[in-house]
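Read the structure below first, then the notes.
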Amino acid sequence: EPPDAPKDFSCQTQDMKRVTCTWTEAETYLYGENLPQYTLSKTSSPKTALCKASCYKQCSCSWDIGQQRIWNVTVTVENPLGKKTATDVFDVNHRMYPTAPFQVWEDCTDTEITLHWNYKNKEIELFCQTEVLQPDGKVELHNSSMADSKRVTVRGLQPYTEYRARVRCGAARHFWRWSEWSQPLTTRTKEGTPLGKLDIWREITPVLGGRNVTLFWKRTPRFQANGKIISYKVTWEKIEDGSKPESISVSSVYSSTRIFIDNHSYRISIMAKNNVNFSLPSVLIISGATDNSRKILFCSFLGTEELKEGQVNGTDDGIFISWEPRSIYDSYIIDWCNFPGWQPCGLQWKRFGPNTSSAVISSAAFVPGVRYKFRVYGSVANRAFLLEKKIGYLRELPPRLDPIVRKVDLTYNSVALSWDSYLTNESEPGFVRGYHVYVSPIEGNCNLKGSKKHILSDESELCKYTIENPEEKRYTVKHLMPNTKYKIVVKAFTGGGETPIVNFRYIDTPSNSNMLYLVFLLVIVPALVAAICHWKMKWVKECCCPVIPSPNTSKVLSFKEFKIDSEKVLKINDCLPDVLAMDSNAEAQKL
Numbered sequence: 001e002p003p004d005a006p007k008d009f010s011c012q013t014q015d016m017k018r019v020t021c022t023w024t025e026a027e028t029y030l031y032g033e034n035l036p037q038y039t040l041s042k043t044s045s046p047k048t049a050l051c052k053a054s055c056y057k058q059c060s061c062s063w064d065i066g067q068q069r070i071w072n073v074t075v076t077v078e079n080p081l082g083k084k085t086a087t088d089v090f091d092v093n094h095r096m097y098p099t100a101p102f103q104v105w106e107d108c109t110d111t112e113i114t115l116h117w118n119y120k121n122k123e124i125e126l127f128c129q130t131e132v133l134q135p136d137g138k139v140e141l142h143n144s145s146m147a148d149s150k151r152v153t154v155r156g157l158q159p160y161t162e163y164r165a166r167v168r169c170g171a172a173r174h175f176w177r178w179s180e181w182s183q184p185l186t187t188r189t190k191e192g193t194p195l196g197k198l199d200i201w202r203e204i205t206p207v208l209g210g211r212n213v214t215l216f217w218k219r220t221p222r223f224q225a226n227g228k229i230i231s232y233k234v235t236w237e238k239i240e241d242g243s244k245p246e247s248i249s250v251s252s253v254y255s256s257t258r259i260f261i262d263n264h265s266y267r268i269s270i271m272a273k274n275n276v277n278f279s280l281p282s283v284l285i286i287s288g289a290t291d292n293s294r295k296i297l298f299c300s301f302l303g304t305e306e307l308k309e310g311q312v313n314g315t316d317d318g319i320f321i322s323w324e325p326r327s328i329y330d331s332y333i334i335d336w337c338n339f340p341g342w343q344p345c346g347l348q349w350k351r352f353g354p355n356t357s358s359a360v361i362s363s364a365a366f367v368p369g370v371r372y373k374f375r376v377y378g379s380v381a382n383r384a385f386l387l388e389k390k391i392g393y394l395r396e397l398p399p400r401l402d403p404i405v406r407k408v409d410l411t412y413n414s415v416a417l418s419w420d421s422y423l424t425n426e427s428e429p430g431f432v433r434g435y436h437v438y439v440s441p442i443e444g445n446c447n448l449k450g451s452k453k454h455i456l457s458d459e460s461e462l463c464k465y466t467i468e469n470p471e472e473k474r475y476t477v478k479h480l481m482p483n484t485k486y487k488i489v490v491k492a493f494t495g496g497g498e499t500p501i502v503n504f505r506y507i508d509t510p511s512n513s514n515m516l517y518l519v520f521l522l523v524i525v526p527a528l529v530a531a532i533c534h535w536k537m538k539w540v541k542e543c544c545c546p547v548i549p550s551p552n553t554s555k556v557l558s559f560k561e562f563k564i565d566s567e568k569v570l571k572i573n574d575c576l577p578d579v580l581a582m583d584s585n586a587e588a589q590k591l
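If you count the sequence shown from 1, position 120 lands on 120 in UniProt numbering, and the numbers rise without skipping.
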């Protein structure tokens, strides 16, 4: 293709002695002898070349300008298929492109940095700009207060903080463009007095003659060390008698220490120290151990004389804790151990404002199946009072063991199960919520009244009964079939469920004794009576069914004179009756 006109053609100087023109090379798809040829010349003298161009991604051409300040130059690009030109008219004084500053150094205080530099263009009046990179990645630009100044002061910086700075310059009178940036300089401000207070807490252990107090401290987001912390100063003094304070210095590698105090009230303060000064003291007050009357009255007023451990639940973000707010406190503190059962347990604490009544406690150390204890304190005038106790899990897991069934009472249609109280100590992976009783006949499916179906992984079917009272230790399964073999198991469950069913207990229900008694009454007894009757038939017949006598066969009426025709007649006057009764009917009159 024929060449295009050179793009981005412009000229500039760095020293007012030599001008360099640059432009972008265009693709012509011609190579070897047919490559485009570039010529830079005065527009008024196109045949006189000012310089020979060299091209690599970008073309450039330089020449000495002498005393001439106004220039009209043309670049010509030509190949066998055509020719194109581009022209630039400029004043050298307006095309100043300074070299990058060098030899950058600094002077520092705790909040200021003064940067110094040099540059080669000493005969040109320059205006410089400084870029400061903050620790959070934010970039700030600071301009020199006057032309030809070789320094700039950056104020309002943080003590003992690392900053990164660099400088660039441009012509002060006829600005054309900035120079390249100088090499970056990394510097750190000096140390200053620590700002803010440490967040401090304590753990009190009664011992003979007094108390061991373990003190903890950590830096709050508002605390600024403003240097390298080299130690911590711990001071404690009695409040009542104003005795001389005691103090110790603790190395900066530690964040806790233990002191012994007697049973009086004490004021304890902790300060951080760097190479310049101490921070403001953080104060806490520990009430006297013998001041029971005031404690009892205060706790009674708060309703905390008997603190019970309330259960709390885990969430996706941590363990949710809520408490009853009291208006007398200016803050609340929750403390807990990251590693329950260990020594040290990794005591942690967190503070909340007076208007807060709930929080989600999270920690990278929290793991499922571990019971964590939380204590909620109210703080007023640097004194902390225990308000509530909480226990909970990040996530509950199934119980490790099944309840041990100690007694099985069987009838023909029921089984009464009794088991030991389930251990609910701190090592349990969840709160026991109740029990499940599973029953099934060895042969066939279970369809007991009052139960729910439960399908195992092998698709076998069980009858399931739920006991939602964890204190219950007895349950009776009813509606069983007599003389049948059953498998049965008792499982404890938590908020995390229960362990898989593996081991069953097998029972055999006895026969129904009432049914046997009924069979005996309805079958055996009648059969026995029939047999006896058959054996003594004649006796039974005479006793139960005697023969009714007939007058015609009676020996009393066997005399001939008593016969009238074929009937035998008994004359009344021949008898001596006990009672004589006369019927008044017609037949009687006839007789």
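From the three backbone atoms N, C-alpha and C, an ideal C-beta is built for every residue, glycine too.
None of these values were measured; they are calculated from a predicted model.
- Which class does I532 belong to by DSSP, given the choice of helix, strand or coil? Three-state result, I532: helix.
- Out of V77, K42, R258, point me to the one whose CA is closest to P2's CA. Comparing Cα positions, the closest option is V77.
- Can you tell me the Cβ-Cβ gap for G170 and L198, rounded? I've got them flagged as a contact below 8 Å. The distance from the Cβ of G170 to that of L198 is about 48 Å, inconsistent with a contact at the 8 Å cut-off.
- Query: Mind checking whether L284 and N212 have CB atoms under 7 Å apart?
  - Reply: Not in contact: L284 and N212 (Cβ atoms no closer than 7 Å).
- Residue nearest to Q311 in terms of C-alpha spacing, selected from R395, C11, K42, H142: The residue with the shortest Cα to Cα distance from Q311 is R395.
- Query: Hey, quick one: how far does the beta strand (DSSP E) through K233 stretch, first residue to last?
  - Reply: Taken as a continuous stretch (DSSP letters only), the beta strand (DSSP E) holding K233 covers 231-238.
- Item | CA-to-CA distance, V380 to S265, given in whole angstroms | Using only the alpha carbons, I get a separation of about 15 Å.
- Query: How would you write the range of the beta strand (DSSP E) that N512 sits in, first residue to last?
  - Reply: According to the DSSP assignment, N512 belongs to no beta strand (DSSP E), since it is labelled neither H nor E.
- Query: In chain order, what residues of the same chain lie with their CB nearer than 8 Å to the CB of P245, ignoring the 5 residues before and after it?
  - Reply: Cβ neighbours of P245 beyond the five flanking positions: T235, W236, E237.
- P184 versus E27: straight-line alpha-carbon distance, rounded: Rounded to the nearest angstrom, the two C-alpha atoms are 37 Å apart.
- Task: May I ask you to report which of helix, strand or coil DSSP gives H264?
- Result: Of the three classes helix, strand and coil, the one that applies to H264 here is coil, per DSSP.
- Under a Cβ-count criterion, where at least 16 other Cβ atoms within 10 Å of its own Cβ denotes burial, should V360 be classed as buried or exposed? A residue is called buried when at least 16 other Cβ atoms come within 10 angstroms of its Cβ; V360 does not meet this threshold and is exposed.
- Message: For T39 and K150, I'd like the C-alpha separation in whole angstroms.
- Response: Just so you know, the alpha carbons of T39 and K150 end up roughly 40 Å apart.
- For the beta strand (DSSP E) holding C11, just list the boundary residues, first then last. Per DSSP, the continuous beta strand (DSSP E) segment holding C11 begins and ends at 7-13.
- Task: Note down the Cα distance separating G497 from S269, rounded to an integer number of angstroms.
- Result: Across the structure, G497 and S269 are spaced so that their CA atoms are roughly 48 Å apart.
- Task: Examine the Cβ distances between the stretch 321-329 and the stretch 394-413 and report whether three or more of them are shorter than 8 Å.
- Result: In the pairwise beta carbon analysis, the stretch 321-329 is classified as not touching the stretch 394-413: fewer than three pairs are separated by under 8 Å.
- Whole beta strand (DSSP E) runs in the stretch 76-156 with 3 or more residues, listed along the chain? Runs of the beta strand (DSSP E) lying entirely within the stretch 76-156, each at least 3 residues long, are 82-91, 102-108, 113-118, 126-133, 139-143, 151-154 in chain order.
- Message: Is the beta carbon of T130 closer than 7 Å to that of K190?
- Response: No, they are not a contact pair.
- Task: Sort Y372, G378, W342 by Cα distance to R351 and report the nearest one.
- Result: Comparing Cα positions, the closest option is G378.
- What is the DSSP secondary structure of V167, counted as helix, strand or coil? Strand, per DSSP.
- Taking 6 Å as the cut-off, does the CB of R188 come closer than this to any heavy atom belonging to the ligand ADP? Looking at this structure, you won't find the ligand ADP or any other ligand, since it has none at all.
- Query: With which residues is W336 paired in a DSSP beta bridge?
  - Reply: Beta-bridge pairing links W336 to Q348, F374.
- Rounded C-beta distance between D402 and V490? I'm assuming under 8 Å. So it is a contact: roughly 7 Å between Cβ atoms.
- Hey, which unbroken runs of the beta strand (DSSP E) at 3 residues or more fall wholly within the stretch 426-453? Taken in chain order, the complete beta strand (DSSP E) segments of 3 residues or longer contained in the stretch 426-453 are 432-441.
- Taking buried to mean at least 16 other C-beta atoms within 10 Å of its own C-beta, is F301 buried or exposed? Note that F301 has pLDDT 40, beneath the 50 cutoff, so the model's placement of it is unreliable and the number below is only indicative. Under this definition F301 is an exposed residue.
- Query: Under 7 Å, do F9 and D88 count as touching if we go by C-beta distance?
  - Reply: Contact annotation: F9 and D88 have beta-carbon atoms nearer than 7 Å.
- Along the beta strand (DSSP E) that carries A359, what are the first and last residues, could you check? Going by DSSP, A359 is part of the beta strand (DSSP E) stretching over 358-361.
- Task: Just the C-alpha distance for S427 and G137, rounded to the nearest angstrom, thanks.
- Result: C-alpha separation (whole angstroms): 47 Å.
- Taking the beta strand (DSSP E) that F385 falls in, what are its first and last residues? Here the beta strand (DSSP E) through F385 covers 383-393.
- Item | Proximal residues to T484 (C-beta, below 7 Å), its chain only, five neighbours per side dropped | So the qualifying residues of the chain are P441, T509.
- Item | Own chain residues within Cβ distance below 7 Å of V276, not counting five before or after | Taken in chain order, the residues that qualify are E191, G192, T193, G227.
- Item | For R267 and T304, the rounded distance between their alpha carbons | Its pLDDT being 43, under 50, T304 is placed unreliably by the model, and the measurement read from it follows with that caveat. Their backbone Cα atoms lie some 24 Å apart in a straight line.
- Taking T246 as part of the beta strand (DSSP E), name the residues at either end of that continuous run. The sequence shown places Glu at residue 246, rather than the Thr named in the question. Note, E246: beta strand (DSSP E), 246-251.
- Item | For I488, three-class secondary structure by DSSP | In the structure shown, I488 adopts extended strand secondary structure according to DSSP, grouped into three states.
- Item | Cβ neighbours of L14 in the same chain (closer than 6 Å, five flanking residues each side left out) | Looking at the sequence provided, one finds Gln at residue 14 rather than Leu. When the five nearest sequence neighbours on each side are left out, the beta carbons in the same chain lying within less than 6 Å of the beta carbon of Q14 are those of Y97, T99, in order along the chain.
- Would you grab the beta carbon distance between residue 597 and T43 for me? Rounded to a whole angstrom, and I think it's under 8 Å. Lying before the first or after the last residue shown, residue 597 is absent from the chain, which here runs from 1 to 591.
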